[in-house]
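K.L.:
Numbering (the working numbering), first residue to last: 13 to 259.
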């Protein structure tokens, strides 16, 4: 008895093959994203620690879920914000309402810039809503909030020193540059060093020649816009803070 000849299955078209590959790739990426959700990579955490702005992720009730190295150093006893366990608090009573009002606004998707503290410890804090996907792919109604701490000084010392080495400043010129970047006038620099103002002005002239700066203001600006240089030994300095929240 003759068997019926079965027709050969049609060969898939190139478009079908590409579509299947894209679907498989998308499924793999989705599974990987699901596994990695809420678990920043080591590289990402290391990158955030190299930024010289303090950055914190907080919940709606001011619980800190992550803070970078700069934030751990910034939140000292003099900072307008204090970290009590995992809870972020305002140091002064008059800063409590502005802080919590900004966190509440972030839950509604609104950005705020708040000024906290007073005098030399006065700091601006950027409060930014950070909505994230839930397991179902929908927007989580309980937003995480990013806080970016403003700097309390214009130029970081390590950046100044690195810049000084790169342009060939002498140790004395480096000390002068550090003080200029801290806002000192030539007369104040001279008084602290116990030298004549003319000596300091000569050093400033040498610094300007080596850096190509046309004025002290331009010189300070050159340093102020430098990328951060974070100390290689930061783990020692932040050992106490390393026990803080970092998820």
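Positions of the beta carbon are idealized from the N, C-alpha and C atoms, including for glycine. As the structure is a prediction and not an experimental result, all values here were calculated from the model.
#1: Leaving aside the five residues before and after residue 117 along the sequence, list all residues of the same chain whose C-beta is less than 6 Å from its C-beta, in chain order.
#2: Which first and last residues belong to the beta strand (DSSP E) in which residue 141 is found?
#3: Would you list the one or two residues that DSSP bridges to residue 102?
#4: Can we say the stretch 177-195 touches the stretch 222-242, given the rule of at least three CB pairs closer than 8 Å?
#5: Would you please state the rounded distance, in angstroms, between the beta carbons of residue 214 and residue 179? I believe it to be under 8 Å.
#6: Would you check if the stretch 76-91 and the stretch 126-137 touch, i.e. whether three or more CB-CB distances between them fall below 8 Å?
#7: Roughly how far, in whole angstroms, is the beta-carbon of residue 80 from the beta-carbon of residue 60, given that I think they are within contact range, below 8 Å?
#8: Does residue 128 come out as helix, strand or coil in the three-state DSSP assignment?
#9: Taking the beta carbon of residue 226 as the centre, do at least 16 other beta carbons fall within 10 Å, making it buried, or is it exposed?
#10: Let's test the definition: count the other Cβ atoms within 10 Å of the Cβ of residue 115 and tell me whether it reaches 16, buried, or not, exposed.
#11: Give me the Cα-Cα distance between residue 76 and residue 103, rounded to the nearest whole angstrom.
#12: Kindly provide the ranges of any alpha helix (DSSP H) runs that are 4 or more residues long and lie completely inside the stretch 195-229, ordered along the chain.
#13: Starting from the C-beta of residue 197, find all residues in its chain whose C-beta is less than 6 Å away, skip the five residues before and the five after it, and write them out in chain order.
#14: DSSP three-state label for residue 54, please.
#15: Bridge partners for residue 161 per DSSP, in chain order?
#16: Using only CA atoms, which one of 106, 96, 239, 68 lies nearest to residue 173?
#17: If you reduce the DSSP assignment to three classes, tell me which class residue 46 lands in.
#18: What does a CB cutoff of less than 7 Å around residue 245 pick up in its chain, not counting 5 residues either side in sequence?
#19: With respect to the alpha helix (DSSP H) encompassing residue 193, which residues constitute its N-terminal and C-terminal limits?
#20: Assuming the contact rule is C-beta atoms closer than 8 Å, residue 275 and residue 188 should be a hit. Round their C-beta distance to whole Å, please.
P.N.:
In terms of the structure at hand:
#1: 124
#2: Unbroken beta strand (DSSP E) run through residue 141: 135-142.
#3: 93
#4: yes
#5: That belief does not hold up - the Cβ atoms of residue 214 and residue 179 are roughly 17 Å apart, past 8 Å.
#6: yes
#7: 4 Å
#8: strand
#9: Residue 226 should be labelled exposed.
#10: buried
#11: 16 Å
#12: 198-205, 209-223
#13: Cβ neighbours of residue 197 beyond the five flanking positions: none.
#14: In the structure shown, residue 54 adopts helical secondary structure according to DSSP, grouped into three states.
#15: 137
#16: 239
#17: Unreliable placement is indicated for residue 46, whose pLDDT of 48 sits below 50; the coordinate value is still reported in the next sentence. Residue 46: helix per DSSP, three-state reduction.
#18: Legend: pLDDT at residue 245 = 45, less than 50; position of this residue unreliable, no value from coordinates given.
#19: 183-193
#20: In the structure displayed, the chain extends from 13 to 259; residue 275 sits before or after that span and is not available.
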